[in-house]
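Asker: Supplied in structure tokens, the structure appears directly below.
Number of protein chains: 2
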Amino acid sequence: MLDERKAAILRAVVEEYIDTAQPVGSAHVVKSSGVHVSSATVRNDMATLELEGYLSQPHTSAGRIPTEKGYRFFVDNLGAPTALRGSDAVQVRSFFDQAHGEIEQMLQDTSRLLGDLTSYAGVVVGAQPAEATMRSVQVVGLTSTAAVVVAVLSNGAVEKHSIDLTQGGKSLAGGIGDERVGAASAHLAAHLIGAVRSGSMPVPKTGDAATDALCALAVKALGTDAADDPDQVFVGGTSRIASAFDAIETVREVLGILEQQYVVVTLLRDVIDRGLQVAIGTETGMAPLADCALIVSPYQIEGEPAGTIGVLGPARMDYPQALAAVAVVSHRLSQRLSEA
Amino acid sequence: MLDERKAAILRAVVEEYIDTAQPVGSAHVVKSSGVHVSSATVRNDMATLELEGYLSQPHTSAGRIPTEKGYRFFVDNLGAPTALRGSDAVQVRSFFDQAHGEIEQMLQDTSRLLGDLTSYAGVVVGAQPAEATMRSVQVVGLTSTAAVVVAVLSNGAVEKHSIDLTQGGKSLAGGIGDERVGAASAHLAAHLIGAVRSGSMPVPKTGDAATDALCALAVKALGTDAADDPDQVFVGGTSRIASAFDAIETVREVLGILEQQYVVVTLLRDVIDRGLQVAIGTETGMAPLADCALIVSPYQIEGEPAGTIGVLGPARMDYPQALAAVAVVSHRLSQRLSEA
DNA sequence: GGCTGGCACTCGGTAGCATCGAGTGCCAGG
DNA sequence: CCTGGCACTCGATGCTACCGAGTGCCAGCC
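Sequence lines, in order, name chains A and B. The number in this note's numbering is simply the position in the first sequence, starting from 1, with 1421 added. The number in this note's numbering is simply the position in the second sequence, starting from 1, with 1421 added.
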């Protein structure tokens, strides 16, 4: 463990570097850290901190820069969470007061809100309605070989899946008439409404091969894990990534990551699963994010874990501010989604 | 109009500049343009071209760069459309052969495909099902003060709108029971199925105030113009924007535009409405896109105009390649969406 | 033992300067 | 009207000198 003074020095270096993106020298630390010792003493301590891996030096005659370990110590020792800036608090409040309508739209807007609050990229992974029960199930025929299943879940989510009837084996080979679609729709409604959505929902046979085949396709479509549903990832404020790094190549790589919804979901889930709230650099597990930090927080609906929000920015991120933003938004979002 | 040789010189400058991003000198033009005159002659012509606004000079002793007008002349005189590169043609073919499932997913993937083909950002604006008829309308209650209307349209689109019953005036003030939701659902289905979706769909009164109020809310929700539905905009390959410009500020601005779905829709629509296929620089009507070019193409479903695809890249874009990509993808997409 | 003032040293950044060369404009002659 | 020739421009490149922020270390002090 670091002694009091070294911790203060480290903290000062991190804060200064976050602010200026310039290597921090011992003189600056003396001015800003509140430790009342000479710069020579600070230098000695900084040398030790470098030896222990908290700081590094871009070149001999420059100041120090925090390492990943340095940032980690910093966030682990932040102490009491900061409050949001007043104007930001107002923005969050008015956002959630005005929020209404489609949940997807709201989550998308929330990702943008996170971006606005932090000047980094905001990410929202939507609720996985795994535990929801079905309120309505309906099959609607479009052509003789295409149909859609639409299900409304108890949490208000609407799921839609296309069905290609040519996939349904020989009993559907010739297409299917409206009456059988109707029969299948009624049959599914009768047996699935009230059931928990899952990968294996038993539906009894009707005796009619074509109707049963259609039901089977519909059930299969409905059972597809919603976590794989790419509509459930929302990223906002990506343009801010361009301001966060000066190496254009880094910008490209980070944007490339954010484009891949599946990767983003996995990333957030991994971090949450490891019990982290903040992942710095290699802690994210993704090489292109070596210069990034990620802050995550789960949110709940009616107390049940529902999804994750996060902020992705440079490792030299304003952690107190970003942590506050993520915490507040996660809290307000949970509230908002639970009250409906 | 430009004489033969000046046109050839201009073409050579544009092509070279697109390739290298370096100002092009008279000597290079002689080598690459096929005009068999001396560099001095080319210089004279280039001076004229500059005077007429097709070229500009970053500074006195440098080569020439195409102006917006120069690019415009270039694309207007491209002649026969180029074919896609072989490998790209294969990629398009296999993409559409494998495409299946949800239309939203497919459009999203299409935007990514466009990005891959051109190395710029791909944009797809989804079908506006304004002309579609309703195949199914359903109201599902969630709580005593919230419900959703779900409509399936003849083109396979599923529309979902949340309804907040507290907005429904005093007849709904106390919430509403399941039986009335059911009544409203049946009533709407009876009168709207088969109707063209529009902003004003008449629904007769039932005589029950609460049911009528709910119906009114549902109809209003359904009538909302689908063009405003932000789910209908898909942008892919944004990370490539980072490679397309060297000024990081430009990257930020362009990404900022692409983030605003409403702006993107408007942008594409404006360009299409002006009858353009290519919009260069200020032709886009957006100041931050001064260094960009946009290629658009509408696509059809069953011969009916359905939406727009496009590619946004730097003004020094590989126009032949990008035009070919947009044309082919638009064609194949139309085909694919019509066959279902 | 730990802190401090002092000092020599390092090395990236900047300014000044000469040089280079790609490119131009122009002109006189074919 | 085209061309070879030529003087000129001006960004890019490379060199040198220098500055200064910052370091490491040491001898001395509390």
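Think of the CB as a built atom: it goes at the ideal place given N, C-alpha and C, for glycine as much as any other residue.
Could you work out which residues of chain B lie near Thr1503(A), taking near to mean beta carbons separated by less than 8 Å?
Answerer: Neighbours of Thr1503(A) on chain B: none; closest Cβ ~27 Å, over 8 Å.
Asker: Identify the contact partners of Ser1664(A) in chain B, using a Cβ-Cβ distance below 8 Å as the criterion.
Answerer: Ile1669, Arg1673
Asker: In the DSSP assignment, find the unbroken alpha helix (DSSP H) run with Ile1439(A) in it and report its ends.
Answerer: 1425-1441
Asker: What would DSSP say about His1612(B), mapped onto helix, strand or coil?
Answerer: His1612(B) falls in the helix class under three-state DSSP.
Asker: Would the stretch 1706-1721 of chain B count as touching the stretch 1730-1740 of chain B if we require 3 or more Cβ pairs under 8 Å?
Answerer: Contact between the stretch 1706-1721 of chain B and the stretch 1730-1740 of chain B is present, with at least three C-beta pairs closer than 8 Å.
Asker: List, from N- to C-terminal side, the beta strand (DSSP E) runs of 3 residues or more that fit wholly inside the stretch 1640-1705 of chain A.
Answerer: 1654-1657, 1699-1701
Asker: Within 8 Å (strictly less), CB to CB, does Ala1567(A) reach chain B?
Answerer: yes
Asker: Using the three-state DSSP reduction, which class does Lys1626(B) fall into: helix, strand or coil?
Answerer: Looking at Lys1626(B) - three-state DSSP - the assignment turns out to be coil, as it is neither helix nor strand.
Asker: Where Pro1709(B) and Thr1488(A) are concerned, what is the direct C-alpha to C-alpha distance, given to the nearest angstrom?
Answerer: 37 Å
Asker: So, does the stretch 1684-1697 of chain A touch the stretch 1478-1496 of chain A, judging by three or more C-beta pairs under 8 Å?
Answerer: no
Asker: Mind checking which residues open and close the alpha helix (DSSP H) that includes Ile1597(B)?
Answerer: Taken as a continuous stretch (DSSP letters only), Ile1597(B) belongs to no alpha helix (DSSP H), as it is neither H nor E.
Asker: Tell me which residue opens and which closes the beta strand (DSSP E) that Thr1566(A) is part of.
Answerer: Per DSSP, Thr1566(A) belongs to no beta strand (DSSP E) and is neither H nor E.
Asker: What beta strand (DSSP E) runs, 3 residues minimum, are completely inside the stretch 1484-1571 of chain A?
Answerer: 1542-1546, 1555-1564
Asker: Excluding the five sequence neighbours on either side, which residues of its own chain have a C-beta within less than 7 Å of the C-beta of Glu1437(A), listed in chain order?
Answerer: Val1445, His1449, Ser1453
Asker: Between the stretch 1428-1435 of chain B and the stretch 1737-1757 of chain A, do three or more beta carbon pairs fall short of 8 Å?
Answerer: No, they do not touch.
Asker: Do we get a CB-CB distance below 8 Å when we pair Thr1659(A) with the residues of chain B?
Answerer: yes
Asker: Starting from the C-beta of Met1467(B), find all residues in its chain whose C-beta is less than 8 Å away, skip the five residues before and the five after it, and write them out in chain order.
Answerer: Ile1430, Val1434, Ser1447, Val1450, Leu1476, Arg1485
Asker: State yes or no: is the beta carbon of Val1435(A) nearer than 8 Å to at least one beta carbon in chain B?
Answerer: no
Asker: Which residues of chain A have a Cβ atom closer than 8 Å to the Cβ of Val1561(B), listed in chain order?
Answerer: Arg1556, Ser1557, Val1573
Asker: Would Glu1680(A) count as contacting chain B if we go by Cβ distances under 8 Å?
Answerer: It does; some Cβ of chain B falls within 8 Å.
Asker: For the beta strand (DSSP E) that contains Ser1785(B), what are its first and last residues?
Answerer: Outside the shown range of chain B (1422 to 1761) lies residue 1785(B), about which nothing can therefore be said.
Asker: Three-state secondary structure (DSSP) at Gly1603(B)?
Answerer: helix
Asker: Let's test the definition: count the other Cβ atoms within 10 Å of the Cβ of Met1707(A) and tell me whether it reaches 16, buried, or not, exposed.
Answerer: buried
Asker: Who pairs with Leu1574(B) in a beta bridge, going by DSSP?
Answerer: Met1555(B)
Asker: In the DSSP assignment, the beta strand (DSSP E) including Glu1580(B) goes from what residue to what residue?
Answerer: 1579-1585
Asker: Would you decide whether Ser1459(B) is buried or exposed? Buried here means 16 or more other CB atoms lie within 10 Å of its CB.
Answerer: exposed
Asker: Cutting at 8 Å between CB atoms, please list the residues of its own chain near Ile1439(B), excluding the five before and the five after it.
Answerer: Closer than 8 Å at Cβ, skipping near neighbours: Arg1737, Met1738, Asp1739, Tyr1740.
Asker: DSSP three-state label for Val1463(A), please.
Answerer: helix
Asker: Just list the residues that DSSP pairs Tyr1720(A) with in beta bridges.
Answerer: As computed with DSSP, Tyr1720(A) is found in a beta bridge with Gly1728(A).
Asker: Does any residue of chain B bring its CB to less than 8 Å from the CB of Val1750(A)?
Answerer: no
Asker: Check the Cβ of Gly1734(A) against every Cβ in chain B and list those closer than 8 Å, keeping chain order.
Answerer: By Cβ distance, chain B contributes nothing, its closest Cβ being about 14 Å from Gly1734(A), past 8 Å.
Asker: Taking Ser1557(A) and Ala1572(A) to be in contact with their CB atoms under 8 Å, please state how far apart those CB atoms are, rounded to whole angstroms.
Answerer: 7 Å
Asker: What did DSSP end up calling Val1450(A) once you bin it into helix, strand or coil?
Answerer: helix
Asker: Contact between the stretch 1512-1528 of chain B and the stretch 1522-1535 of chain A is defined here as three or more beta-carbon pairs at a separation below 8 Å; is this criterion met?
Answerer: no
Asker: Could you compute how far the alpha carbon of Ile1678(A) sits from the alpha carbon of Arg1618(B)?
Answerer: Cα to Cα, Ile1678(A) sits roughly 39 Å from Arg1618(B).
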